Structures are given as structure tokens and as C-alpha cells.
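Student:
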Amino acid sequence: MQAWVIGNWKQNPATNNDVNKLLDSLLAVNDTASTSTAQCQLMVAPSCVHLATVSARLQGTSMLCAAQNISAHSDSTGAYTGDCSAQQVADAGATWTILGHSERRQYHRESNDTLISKLCHALTQNLGAVLCVGETQEQYDAQQTFAVLDEQLAVVKDLLTQPVLEGDSSLSLAERLIIAYEPVWAIGTGKVPTVAEVTATHAYIKQTLASFDTSLPEFAVLYGGSVNADNADSFAGSPMINGALVGGAALKSESFMAIAAAFNHAKA
Ligand code: PGA
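The number in the numbering used here is simply the position in the sequence shown, starting from 1, with 19 added.
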């Protein structure tokens, strides 16, 4: 399976000028590294206001552009102040969107109902979705990880019954939906689970998805949470880990491309 390395820029960088500088260095490193990242699909997710700039500059390169979120209310237009729809982010050049990041679940109270709407809107507008799941420190300490994942992955089971997938092949869903396992306690903290723990959790996620519909092909499951240039090799070495969702280390081209190179090397 092809590996994915996705940079989640969150609410960064501060200015359009800084966005262009980050792109300058990313594209310079990507140019020299493109043969060494052939097994690895790269994608970056800037904030909404920078989507058009970033996607225009990525045209003609192998790097994709994703939104970090889309409106739950409508896939196109409407009276939803402050929201950006799937249609609008697609028009700005995004081909994917991250959904259900723990920061959105925490600060915006995103529920499974919200996420099922967003997933349907994304697919209606032909956007792929990177659905984030993962347990908090408290849940990890109480050994509730798998129970939390059951609850969060239930949206995929619901999605399978939605009209947007009518007449669609399950193969195409696996091409347009990626799961990112991000333990909340590992995000931005420098703390990481062991590779064995992530491997077991990814196996559980893959089994759970397969149990929803036995005809579904295997979904890509990425790991996210304090991935950096030093630990990427160890995660990339596990066949259950199909890539990385990277926050802090995605804001420097050297570390982002080093992570991409680690996955490329391991999956070649
Ligand atoms: P981090 O963030 O790499 O800075 O831990 C990952 C994420 O939030 O997606």
C-alpha cells in the first residue's frame, strides 16, 4: 500500500509571506528528493485562508493540498457565517480535507453526527477525507482506547449507509477515506506510544473497518502525534502504519521531508 505523509499546518504560518517561504523551501527540497519519495504521497493542509495560494503553487507538483475542516451545514452555499463549505475548499484547489481532528472535537465539540454530515459533504464534492480518531490520556490510562475507537469509528459504519455512497463501489471509498490514529496525549507533547502499541491499535482499526463490510478493501491508517525526523523510521518500519499525520514537524521543510523519506524508504 502507498504511504501517506500529511502536514497539518493548523493555525500556521502567520502571514501569506511566511506561507510562501515555507512553500519555497518545501518545493526546493521536494524537487531534489522527488525520486526518493516516489512511494510516498505527500499532502499539506494549510488554514482555509491560505488554501488558494498553496494549491496554486502545488499545481504541477506531486504534493496535494487539503483543508483542515469543512462546514457541517451544507456542502455548497448558505447562511452559515464563518463556515467554509466542501464546494468552496474544492474550488480553492483542495482535493482532501482533514476531519474530526482532536482539536476540533475538543474546542468545537464535534460529535459523530457533525462528522457524518461533514463526511457526506466531502464525498459529495469529491473531496477525500482524513478522519482523525484517538483517545485522551485519561482514556489511555484507563485502557479504554479500543472502546473509544469503536465509538469514533461508528461514523464510518454510518457512512456506508448514506445516499452519497449509493452506486459507489467500496473500492472507491477506500481510495477517498484515510484514518489517522492520533492519541490526543501524543499531539504536540513529544510523548509517543511504542511502535508495538501503534501497530496493535492500527490492526484493531483495520479489523473494525473490515467488520463493517467484508467487501471493503483495506483502508490506509496513519499515525499522528509528535512524529519527527528522529522517530519516523521506527513508525515507518511497521507494516500496519501506512503513513503519518504531522503537525509541528511539518512547519519545517527539512523535518517534513525527512519523515517522508523515512516512509518512502521503509515502504519501497
Ligand atoms: P504534532 O501534531 O505532530 O505536532 O504532534 C499532530 C497533529 O495534531 O495532527
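Each residue gets a CB set at the ideal place from its N, CA and C atoms; glycine is no exception.
Just so it is clear, the structure is predicted and the values come from calculations on it, not from any experiment.
Would you say the beta carbon of N27 is closer than 7 Å to some non-hydrogen atom of ligand 1?
Tutor: The answer is yes for N27.
Student: Could you have a look at N27 and say whether DSSP puts it in helix, strand or coil?
Tutor: N27: strand per DSSP, three-state reduction.
Student: Examine ligand 1 and report whether any of its heavy atoms sits within less than 7 Å of the Cβ of V152.
Tutor: False, no ligand heavy atom lies under 7 Å from that Cβ.
Student: How long is the line joining the alpha carbons of A284 and Q144, rounded to whole angstroms?
Tutor: First, the amino acid is wrong: residue 284 is His here, not Ala. C-alpha separation (whole angstroms): 34 Å.
Student: Would you mind listing the alpha helix (DSSP H) stretches within the region 31 to 78 that are 4+ residues and don't spill past its ends, in chain order?
Tutor: If we require 4 residues or more, the alpha helix (DSSP H) runs fully inside the region 31 to 78 come out as 35 to 52 and 70 to 77.
Student: Out of S93, L118, I117 and G119, which has the shortest C-alpha to C-alpha gap to Q107?
Tutor: Nearest option by C-alpha distance: S93.
Student: Pull up the DSSP beta-bridge partners for L150, would you.
Tutor: L118 and I198.
Student: How is A105 classed by DSSP in three states: helix, strand or coil?
Tutor: Correct three-state label for A105: helix.
Student: For G243, which of helix, strand or coil comes out of DSSP?
Tutor: Reduced to three states, the DSSP call for G243 is strand.
Student: With distances taken from CA atoms, which of W28, C59 and T34 is nearest I278?
Tutor: That would be C59, whose Cα lies nearest to the Cα of I278.
Student: Quick one: is the Cβ of S272 within less than 7 Å of any heavy atom of ligand 1?
Tutor: No, since every heavy atom of ligand 1 falls outside the 7 Å radius drawn around the Cβ of S272.
Student: Classify G79 as buried or exposed, calling it buried when 16 or more other Cβ atoms lie within 10 Å of its own Cβ.
Tutor: So G79 counts as exposed.
Student: Rounded to whole angstroms, what's the CA-CA distance from A98 to R128? Just pull it up for me.
Tutor: Between A98 and R128, the C-alpha separation is close to 21 Å.
Student: To the nearest angstrom, report how far apart V48 and V24 are at their CA atoms.
Tutor: Their Cα atoms are separated by approximately 15 Å.
Student: Per DSSP, V265 is paired with what?
Tutor: Answer is G26.
Student: Determine the direct distance from the alpha carbon of A91 to that of S104, and round the result to whole angstroms.
Tutor: Roughly 8 Å separates the two Cα atoms.
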